[in-house]
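Written out below as structure tokens is the structure these notes cover.
There are 2 protein chains.
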Amino acid sequence: MMPLRSKQLAERSGVNLQTIRYYQEIGLLPEPPRSAAGYRRFPPDTVRRIRFIKRAQELGFALAEVKELLALQVQTGATCADVRHRANAKIADIEAKIRDLRWMMNALERLAASCSGAGPVGNCPILDYFDEKES
Amino acid sequence: MMPLRSKQLAERSGVNLQTIRYYQEIGLLPEPPRSAAGYRRFPPDTVRRIRFIKRAQELGFALAEVKELLALQVQTGATCADVRHRANAKIADIEAKIRDLRWMMNALERLAASCSGAGPVGNCPILDYFDEKES
DNA sequence: CTTGACTCGGTACCTACCAACAGGGTTTAC
DNA sequence: GTAAACCCTGTTGGTAGGTACCGAGTCAAG
Chain H
6 MMPLRSKQLA ERSGVNLQTI RYYQEIGLLP EPPRSAAGYR RFPPDTVRRI
56 RFIKRAQELG FALAEVKELL ALQVQTGATC ADVRHRANAK IADIEAKIRD
106 LRWMMNALER LAASCSGAGP VGNCPILDYF DEKES
Chain E
6 MMPLRSKQLA ERSGVNLQTI RYYQEIGLLP EPPRSAAGYR RFPPDTVRRI
56 RFIKRAQELG FALAEVKELL ALQVQTGATC ADVRHRANAK IADIEAKIRD
106 LRWMMNALER LAASCSGAGP VGNCPILDYF DEKES
């Protein structure tokens, strides 16, 4: 297979062209060789690497964490337990986020329920909550 | 009451000094009068305004949205229904986020369960999922 | 030989701040 | 009156994860 240019890589892996450059800039993609005119020539399996990144991102991993996972993948001596540990930590993160969001939603629902929706904004219980004097 | 200097305002409202200046910069706080030496002199009720902002933020409103809420508060003709509408939209946002996070968590839990934790990283089902060839 | 599509690096923008800096201002104790 | 201690000011740059635009260079087809 021929090496890919930036746009081809972007199209085949389903991301924006600038995303490719961004990933390269932050070291998620190795520095590719260049053509005589300076064009990037990516090895075709880079498509797979980008899909790896996107899939890990979908499950909540930040790019810095994805970088670690990619490093783990080729690191001799890395074990399955290392990966599982990261997955479990991420699960705990997500649980905490969900708890926060549920608390927000609950509070908002109670406020919305206490607001009849009639009348001017002066006695709105929602704004009153935001504007309470005491802490 | 005497007007407050930046740091006093920051301390009394429980935010960082730079946050005060940031809020002023983006128009969330009105431009305060200055002392002869150029020091900001905030009216004491600014503390209350910042607490408003912080409370709305806690319930998931972005600063731009908080700005709208603050504008609504003093806008003649604004109704309680306007506020409730915003609250309901925010509830829908949060619901969508929770759904996404639950999907992530589910997927991660299934992957973590499929991973024994034993052995090298080569056959890790978690990394395999990220690294699958087919889309 | 020109046109259009592509590529390059660089920069700026978004959110919601935080940190560090230089150069002054003010207050308090002695 | 002066020195230490602390405060203020604006400016710059950083964070994550990109998106978007710019002028200039390159390449292939007609």
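Sequence lines, in order, name chains H and E.
Per the working numbering, the first sequence starts with residue 6, numbered consecutively.
Per the working numbering, the second sequence starts with residue 6, numbered consecutively.
Glycine included, each C-beta is placed from N, C-alpha and C at the ideal position.
For this session: Indicate whether E:Arg60 and H:Cys120 have their beta-carbon atoms separated by less than 7 Å.
Result: Locating residue 60 of chain E in the second sequence gives position 55, where the first residue counts as 1. Locating residue 120 of chain H in the first sequence gives position 115, where the first residue counts as 1. Contact flag unset, no.
Problem set entry | Runs of alpha helix (DSSP H) wholly within the stretch 28 to 102 of chain E (minimum 4 residues, chain order) | Within the stretch 28 to 102 of chain E, the complete alpha helix (DSSP H) runs of at least 4 residues are 51 to 63, 68 to 79.
Exercise. Residue range of the alpha helix (DSSP H) that H:Asp133 falls in?
Worked result: Residue mapping note: residue 133 of chain H aligns to position 128 of the first sequence, counting from 1. Segment 130 to 135, the alpha helix (DSSP H) holding H:Asp133.
Exercise. According to the Cβ coordinates, are E:Leu106 and H:Lys102 closer than 7 Å?
Worked result: Locating residue 106 of chain E in the second sequence gives position 101, counting from the first residue. Locating residue 102 of chain H in the first sequence gives position 97, counting from the first residue. Yes, Cβ-Cβ distance for E:Leu106 and H:Lys102 is below 7 Å.
Exercise. Chain H partners of E:Pro125, CB-CB under 9 Å?
Worked result: Your numbering for residue 125 of chain E matches position 120 in the second sequence. The answer, in chain order, is Thr81, Gly82, Ala83, Thr84, Cys85.
Exercise. In angstroms, rounded to a whole number, what distance separates the CA positions of H:Asn21 and H:Pro48?
Worked result: Along the first sequence, read from residue 1 onward, the residue named residue 21 of chain H stands at position 16. Along the first sequence, read from residue 1 onward, the residue named residue 48 of chain H stands at position 43. For H:Asn21 and H:Pro48, the distance between alpha carbons rounds to 18 Å.
For this session: Closer than 9 Å by beta-carbon distance: list the chain H residues that pair up with E:Lys102, in chain order.
Result: Indexing the second sequence from 1 puts residue 102 of chain E at position 97. Taking the beta carbon of E:Lys102 as reference, the chain H residues within 9 Å of it are Lys102, Ile103, Leu106, listed in sequence order.
Problem set entry | Test item: CB-CB of H:Ala83 and E:Val79 under 7 Å | As a first step, residue 83 of chain H is located in the first sequence; it is residue number 78 there, counting from the start. As a first step, residue 79 of chain E is located in the second sequence; it is residue number 74 there, counting from the start. H:Ala83 is not a Cβ neighbour of E:Val79, given a cutoff of 7 Å.
For this session: Compare the C-beta of H:Asn111 against all C-beta atoms of chain E and say whether one is closer than 7 Å.
Result: Within the first sequence, numbered from 1, the residue matching residue 111 of chain H stands at position 106. No, H:Asn111 lies away from the interface with chain E (no Cβ there is under 7 Å from its Cβ).
Problem set entry | Neighbourhood of E:Val71 by C-beta, 8 Å cutoff - its chain only, sequence neighbours within 5 removed | In the second sequence, counting from the first residue as 1, residue 71 of chain E sits at position 66. Close CB contacts of E:Val71 within its chain, under the 8 Å cut and outside five residues either way in sequence, are with Leu33, Phe57, Ile58, Ala61, Gln62 (chain order).
Exercise. Tell me which same chain residues have a C-beta within less than 6 Å of the C-beta of E:Lys95, skipping the five on either side of it?
Worked result: The count along the second sequence starts at 1 and reaches residue 95 of chain E at position 90. Residues Gly65 of the same chain have their beta carbon placed closer than 6 Å to that of E:Lys95, with the five preceding and five following residues left out of the count.
Exercise. Across which residues does DSSP place E:Pro125 in a beta bridge pair?
Worked result: For this step, residue 125 of chain E is matched to residue 120 along the second sequence. Note: E:Pro125 sits in a beta bridge opposite H:Thr84.
Problem set entry | For H:Leu9, the residue or residues it bridges with in DSSP | As a position in the first sequence, residue 9 of chain H is number 4, starting the count at 1. Within the DSSP secondary-structure output, H:Leu9 pairs in a beta bridge with H:Phe47.
Exercise. Under 7 Å between the Cβ atoms of E:Cys85 and H:Gly19?
Worked result: Indexing the second sequence from 1 puts residue 85 of chain E at position 80. Indexing the first sequence from 1 puts residue 19 of chain H at position 14. Not closer than 7 Å, so no.
Problem set entry | Min CB distance H:Asn93 to chain E below 7 Å | Indexing the first sequence from 1 puts residue 93 of chain H at position 88. Yes, H:Asn93 counts as interfacial toward chain E.
For this session: Given a cut-off of 7 Å, decide if H:Ser40 and H:Ile25 are closer than it, judged by their beta-carbon atoms.
Result: Numbered from its first residue, the first sequence carries residue 25 of chain H at position 20. Numbered from its first residue, the first sequence carries residue 40 of chain H at position 35. In this structure, H:Ser40 does not lie closer than 7 Å to H:Ile25 by Cβ.
Problem set entry | Option in H:Ala117, H:Glu137, H:Ile31, H:Ala15 with minimal Cα separation from H:Glu73 | Numbered from its first residue, the first sequence carries residue 73 of chain H at position 68. The option with the nearest alpha carbon to H:Glu73 is H:Ile31.
Exercise. Name the chain E residues whose beta carbon is nearer than 7 Å to that of H:Ile131?
Worked result: Position 126 of the first sequence, counted from the start, is the residue given in the question as residue 131 of chain H. Near H:Ile131 (Cβ distances below 7 Å), the residues of chain E are Val88, Arg89, Ala92.
For this session: State the DSSP-derived secondary structure class of E:Asn21, mapped to helix, strand or coil.
Result: Here residue 21 of chain E corresponds to residue number 16 of the second sequence, with the count starting at 1. In this structure, E:Asn21 counts as coil in the three-state DSSP scheme.
For this session: Kindly indicate which residue of H:Asn93, H:Glu100, H:Met110 has the alpha-carbon position closest to the one of E:Asp98.
Result: Taking the second sequence and counting its residues from 1, the one referred to as residue 98 of chain E is at position 93. Per the Cα distances, H:Met110.
Exercise. With distances taken from CA atoms, which of E:Tyr28, E:Leu116, E:Ala15, E:Glu36 is nearest H:Ala92?
Worked result: Numbered from 1 along the first sequence, position 87 holds the residue referred to as residue 92 of chain H. Scanning E:Tyr28, E:Leu116, E:Ala15, E:Glu36 for the CA closest to the CA of H:Ala92 turns up E:Leu116.
Exercise. Who are the Cβ neighbours of H:Asp87 in its own chain at under 8 Å, not counting the five residues just before and after it?
Worked result: Counted from its first residue, the first sequence places residue 87 of chain H at position 82. By the criterion of a C-beta distance shorter than 8 Å, H:Asp87 is surrounded in its chain by Leu77, once the five residues flanking it on both sides are discounted.
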